[in-house]
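Enquirer: Residue numbers (our numbering): 97 to 351. Glycine included, every Cβ here is placed at the ideal spot set by N, Cα and C.
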C-alpha cells in the first residue's frame, strides 16, 4: 500500500461523529477520536484488524469516551497532545507540534491547531489530514477556548500545507454548513452542483466526507477571510483577516 494513499473508513458514532479507521499495514490499523467503545470494537473485531494506536485531536468527550476501554481491550497505544495530558485519557505517547509518529510503514505528522480548544492537534499521514474539530467540510469549529486570531492562524497553516488531498473532519456537518455558505454567497452558481451532490449523499445514507482541500479552498468561508472578492461580497472590505474571520464565525454561531 503506498504511503501517500492510506485506506480510511468511517465509523459513525453518536449523532454526527465519525471515528476514522485507517489501515497502516497488512492487518494493522489506527483510529482517530473514538467517542464510543462498542461501534468501534465491533468494526475492529469483524475486520480482524490489529489496533495499534488511538490518536486524539482534543479533549472533548465525544472524541474520547471510548479511548480507555478500546486501549485496554485491544492493547493499543494512546496518542495525544502533551499540553492537554491532564484533560485527556492516560497517554502512552504525549506529542507536540512538529512531532512525527511512525505508524508501521507510514509517518504521522503532528500539528498544533489551537482555537476550538487550546490543546487541539491535527494529524497528517501522506495525503490525508485528520482535522478533528478544527477544519470541517465548509466550516470550522467553534471557539470554545481559543481566540479568533489563534483559529485563523491555525486554519492558515492548514491551508498552506502542500500535497493534501483528503480531509477527514470528525463531524458530519456538510449539509448544515452548506446552508450557511449559500446564505453568505447566494449568487454563486458553482454551489449548485455541490448542493445536489451533498443532498444525494445524505438521501442515500452515505457520508459527505472526506472532503478535499481543493473544495475547502474554493468554498469554505473560514479559509477565505483574506480573499478580497469574498471580503467585498460580505461587506467587510477594509477589515483585517482576523476581523473578517471573527465576523463570519459569529454569523455562523447564530445561523
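Is the number of C-beta pairs between the segment 251-264 and the segment 284-293 that are closer than 8 Å three or more?
Expert: Contact between the segment 251-264 and the segment 284-293 is absent, because fewer than three Cβ pairs lie under 8 Å.
Enquirer: Nearest to residue 113 by alpha carbon, out of 233, 217, 244?
Expert: Measuring from the Cα of residue 113, the nearest candidate turns out to be 233.
Enquirer: Within a Cβ cutoff of 8 Å, which residues of the same chain sit near residue 349, ignoring the five residues on either side of it in sequence?
Expert: Around residue 349: 238.
Enquirer: Return the CA-CA distance between residue 115 and residue 287, expressed in angstroms with no decimal places.
Expert: Cα to Cα, residue 115 sits roughly 28 Å from residue 287.
Enquirer: Return the chain-ordered list of same chain residues with a C-beta closer than 6 Å to the C-beta of residue 124, the five sequence neighbours on each side being excluded.
Expert: If we look at residue 124 and ignore the five residues flanking it on each side, its Cβ neighbours are 146, 148, 200.
Enquirer: What residues in its chain sit with their C-beta under 6 Å from that of residue 246, if we drop five residues either side in the sequence?
Expert: Closer than 6 Å at Cβ, skipping near neighbours: 210, 211.
Enquirer: Look up residue 231 in the DSSP assignment and say whether it is helix, strand or coil.
Expert: Residue 231: strand per DSSP, three-state reduction.
Enquirer: Rounded to whole angstroms, what is the Cα-Cα separation between residue 302 and residue 324?
Expert: Spanning the two alpha carbons is a distance of roughly 35 Å.
Enquirer: Helix, strand or coil, according to DSSP, for residue 148 in the structure here?
Expert: Strand.
Enquirer: Look at the alpha carbon of residue 260 and the alpha carbon of residue 269, and state the distance between them as a whole number of angstroms.
Expert: Approximately 20 Å between the Cα atoms of the pair.
Enquirer: Could you tell me the alpha carbon to alpha carbon distance between residue 99 and residue 225, rounded to whole angstroms?
Expert: Below a pLDDT of 50, predicted positions are generally treated as unreliable, and residue 99, at 45, falls in that range; no measurement from the model is reported.
Enquirer: Distance check for residue 284 and residue 318, CA to CA, integer angstroms please.
Expert: Going by the C-alpha atoms only, they are around 17 Å apart.
Enquirer: What residues match up with residue 119 in a beta bridge as DSSP calls it?
Expert: DSSP output for residue 119 lists 103, 125 as bridge partner(s).
Enquirer: I'd like to confirm the pairing. Which residues does DSSP put opposite residue 133 in its beta bridges?
Expert: BP columns for residue 133 are empty, so no partner.
Enquirer: Given that a residue counts as buried once 16 or more other Cβ atoms are within 10 Å of its Cβ, and exposed if not, what is residue 175?
Expert: Its Cβ being crowded by 16 or more others within 10 Å, residue 175 is buried.
Enquirer: Nearest-angstrom Cα distance between residue 159 and residue 111?
Expert: Straight-line Cα distance between these residues: approximately 12 Å.
Enquirer: Can the beta-carbon of residue 342 be found less than 7 Å from the beta-carbon of residue 244?
Expert: Cβ distance < 7 Å, so residue 342 and residue 244 count as in contact.
Enquirer: So, under 8 Å CB-CB, residue 105 and residue 151 are touching, yes? Tell me the CB distance rounded to an integer number of Å.
Expert: 15 Å between Cβ atoms; not a contact.
Enquirer: To the nearest angstrom, report how far apart residue 337 and residue 272 are at their CA atoms.
Expert: About 24 Å.
Enquirer: Taking the beta strand (DSSP E) that residue 177 falls in, what are its first and last residues?
Expert: Unbroken beta strand (DSSP E) run through residue 177: 173-177.
Enquirer: Just the Cα atoms here: how many angstroms apart are residue 120 and residue 184?
Expert: Rounded to the nearest angstrom, the two C-alpha atoms are 24 Å apart.
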